[in-house]
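Okay, structure first, notes after.
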Amino acid sequence: MRALCWNGVNDLRVETVPDPKIVNARDCILRVTMSTTCGSDLHFIDGYLPTMRQGDVIGHEFMGEVIETGHEVKKIKIGDRVVVPSFVSCGDCWFCQHDLFSCCDNTNPNAQMQTPLLGYPTAGIYGYTHAFGGYAGSHAQYIRVPHADVDCFVVPEGLTDEQVVFLSDAAPTGYMGADFCNIHPGDTVAVWGCGGVGLMAQRSAYLMGASRVIAIDRFPERLAVAHDRIKAETINYAETPNVLEALREMTGGRGPDACIDAVGMEAHGTGMDYVYDRAKQAIRMETDRGTALRQAIMACRKGGNLSILGVYGLMDKFPIGVIINKGLTMRTAQQHGQKYVPKLLEHTVRGELDASFLATHRFSLEDSPKGYDMFKHKTDNILRAVFVP
Amino acid sequence: MSDLLAEKFGVQNVGSLERVASVALGSFLLWRGIKKPSLWSITAAVAGTGLVLRGATGHCSVCEAMGIDTSDGMPVAAKSGKSISPSAPEIVSAQTIGKSAGELYELWRSPEGLRQIMAHFADVTPLEGPTVTHWKVKGSGPLPVEWDSELTVEQPGQELGWASKPGTMLPNEGSVYFSPAPADRGTEVRVRFRFEPPLGAAGMAISKALGFVPKAIASESLRRFKALAETGEIPTVAGNVSGRGVSDALGVSHAQ
Ligand SMILES: NC(=O)c1ccc[n+]([C@@H]2O[C@H](COP(=O)([O-])OP(=O)(O)OC[C@H]3O[C@@H](n4cnc5c(N)ncnc54)[C@H](O)[C@@H]3O)[C@@H](O)[C@H]2O)c1
Ligand SMILES: [Zn+2]
Ligand SMILES: [Zn+2]
């Protein structure tokens, strides 16, 4: 089959690789019908995440049609049209049974490699480094999905691939981020980042009853989407000399009740601390640029909720004192997709959520490197590139 | 240079001849681990780095860490294993598994269960039912490392103990203990084992430094045991596809 392979920093190529096969009894094989880029991929494309290997098939946000099932697969049938969360979860361990699906104990075959980094291993992910399991990714014609009955969600009739594919990652991540904010009527939620994840977090905050949502980014076209589609108020941080002051002013001096970071380790910035982070990251002394996260921590009202969705490594200069003194509640996770996908499908069927607007650019699998190039450089008003193998 | 390193990593506690040997062995393990990745060679490569450092600095933190490892509340060593000297390193590992102690005991004791649990490290075949098994370490090359192992303790739902029969180059003994975990968490499982390294004192020094190769094997065995008990299968990227072809050298759980 054809698949998009990582061959080194900023070196993606479509290659011919073997077709995947059923290995374990709970596996199924999907024919991928749509797969999309995620901001998380940029972190290893740019070389900030270790344990990628030349030839790895990438991609972790996808949907498809079931073409083969292992003999222990009971619910999922050949021919089912399904969407699959990015994390492989077993459904049986204590973590899965407590809705902590991305912390699953039984799906990372390279647990020994990850334990020294994190203390305990997490679930595996498709197409996302060997420390996270080394499973082949979804930018391919076919993909092996373990624990099919737990990880495949059948798509209701009448929805398009564009409406469904982001329910694999961007939507459950954003929804989880809003869920972490414990939103009450009257709450103002500020969201850093207007990529797929940030926009989904903004929409979810409204679905959960937020009175106001404030979106922060620097790309006018992304801010326009937040404003026009999501009905968020917006701040362009590149044009606003003092984002904190602006937020304080907008909230009558209280600050946002909850702040969501949907930016991550490659945050762009304008101030002195950005120069400091950029320099350290360039010489690999630290892996993170923390501009957005530090700003979110400062901006949050006392006793408020801080929800971190952006992916980070080991950041230094992390202002824990601000969190302590203001009594913030910090919640974060890799997305527990299996908990949220059924709800998100319901919202989509009822017309309350339509993520299809994220699919601004459509490519064949052969052209996927071009899609990543545009996604990385945010050209032509791109939000997400989707690939149709 | 080495003084600087010594300052950074602690005072010297390794003699000079041993330091040369450490660097040599460490460099070899590192080289092999990078050339041909597998669980064995990767963990060995990590250990190799440790050995190079240990040689360069004259300090071995693994030796220290090993001391701590052996002291954490494990039941006293099983009665067997007379052939093993008291100073042989002891490896321990723990895992909480969401099944009853009785079920876990039966799974470990069953030849098919044990075969799957250990498949990343050894081929285990039953000789006399579950009581006597033959172990052959995987990838041990032209000089196969193998032994017959006999169950020495069988306390249903509590403890299984085993020891190698005489006549192996790697005498070893070990046990697995089952105790209830709090609330809905299932059963706490602890494995401990000791082995007598070949080549006497020199072998002992080396295998102490390599302590976490066996440690990784033990903790991987428990992870496999847990996955098998909870889900009926062991996670694997065997047969994984990539631009490198089929299968993945880094996948530690090729065999099922
Ligand atoms: N927790 C999870 O499970 C999970 C899942 C998916 C993605 N993520 C992470 O979420 C983050 C966003 O993903 P995405 O797909 O939306 O990526 P993206 O690259 O499309 O969007 C990131 C956005 O952040 C903006 N940004 C950069 N610096 C900023 C700053 N200082 N202030 C405000 N905005 C800033 C960028 O302009 C961009 O629009 C990434 O770090 C990704 O790794 C996490
Ligand atoms: Zn993602
Ligand atoms: Zn699980």
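Line order of the protein sequences matches chains A and B. If you're matching positions, the first sequence starts at 63 in our numbering and goes up one per residue. If you're matching positions, the second sequence starts at 117 in our numbering and goes up one per residue. From the three backbone atoms N, C-alpha and C, an ideal C-beta is built for every residue, glycine too. Since the model is a prediction, treat every value here as computed from it, not as a measurement.
Find the nearest neighbour of residue i within the set the options, judged by alpha-carbon distance.
i	options	result
A/I107	A/R93, A/W68 and A/V85	A/W68
A/P303	A/C362, A/G331 and A/A421	A/G331
B/Q274	B/S201, B/R225 and B/V329	B/R225
A/C90	A/G109, A/R284 and A/T131	A/T131
A/M63	A/I187, A/H122, A/I205 and A/S148	A/I205
A/D81	A/C165, A/K139, A/Q203 and A/Y190	A/Q203
A/M96	A/T353, A/K293 and A/H201	A/H201
B/S265	B/K281, B/K215, B/L259 and B/D300	B/K281
A/I359	A/V79, A/Y374, A/K136 and A/F380	A/F380
A/L407	A/E224, A/I322 and A/T353	A/E224
A/G48	A/H105, A/V94 and A/Y110	Absent from the structure is residue 48 of chain A, since the part of chain A shown begins at 63 and ends at 451.
A/G141	A/L179, A/C152, A/F149 and A/I129	A/I129
B/G290	B/G283, B/T284, B/P298 and B/R310	B/R310
A/V119	A/V217, A/T313 and A/I187	A/I187
A/A395	A/D231, A/K440, A/Y434 and A/A421	A/D231
A/Y110	A/P234, A/E328, A/Q397 and A/W156	A/E328
Let me know the secondary structure DSSP gives residue i once reduced to three states.
i	result
B/P330	helix
A/F215	strand
A/Q6	In the structure displayed, chain A extends from 63 to 451; residue 6 of chain A sits before or after that span and is not available.
A/M392	strand
A/C165	helix
A/T332	coil
A/N367	strand
A/V373	coil
A/P112	coil
A/H423	strand
B/D239	strand
A/G121	coil
A/R412	coil
A/V305	helix
A/A87	coil
B/S203	coil
A/Y197	strand
B/F311	strand
A/L41	Residue 41 of chain A lies beyond the stretch modelled for chain A, which goes from 63 to 451, so this question has no answer here.
A/H192	coil
Kindly list the residues whose CB is nearer than 7 Å to the CB of residue i, restricted to its own chain and excluding five residues on each side of it in sequence; keep chain order.
i	result
B/K254	F237, A238 and D239
A/A308	I297 and T302
A/T249	Position check: residue 249 of chain A holds Asp in this sequence, whereas Thr was assumed. Correct list, in chain order: A272, S273, D319 and A320.
A/R363	R316, G317, P318 and D319
A/C158	S151, C152 and C166
Buried or exposed, going by whether 16 or more other CB atoms sit within 10 Å of the CB of residue i?
i	result
B/P296	exposed
B/Q271	exposed
B/K342	buried
A/V71	exposed
A/L116	The sequence given here has Gln at residue 116 of chain A, not Leu. It is exposed - the Cβ of A/Q116 has fewer than 16 other Cβ atoms within 10 Å.
B/K331	buried
A/L74	buried
A/V337	exposed
A/A192	According to the sequence shown, residue 192 of chain A is His rather than Ala. So A/H192 counts as buried.
A/H160	exposed
A/R316	exposed
A/N387	exposed
A/K136	exposed
A/A286	exposed
A/D442	exposed
A/A288	buried
A/E123	buried
A/L104	buried
B/I150	Its pLDDT being 43, under 50, B/I150 is placed unreliably by the model, and the measurement read from it follows with that caveat. That one is exposed.
A/L180	exposed
A/T78	exposed
B/P313	buried
For residue i, which residues of its own chain have a beta-carbon under 6 Å away from its beta-carbon, when the five flanking residues on both sides are left out?
i	result
B/G229	L223
A/S266	G236, Y237 and A240
B/E304	T212, S295 and A297
B/R306	A210 and Y293
A/S102	V373
Determine, using beta carbons only, whether residue i comes closer than 8 Å to chain E.
i	result
B/S335	No chain E appears in this structure, whose protein chains are A and B.
Only counting the same chain, and skipping five residues up and downstream in sequence, which positions put a Cβ closer than 8 Å to that of residue i?
i	result
A/Y268	V275, I292 and K293
B/L344	L223, G229, Q232, I233 and I350
*Any residues whose CB sits closer than 5 Å to a heavy atom of ligand 2? List them in chain order?*
Counting every residue whose Cβ lies closer than 5 Å to a heavy atom of ligand 2, we get A/C100, A/S102 and A/D231.
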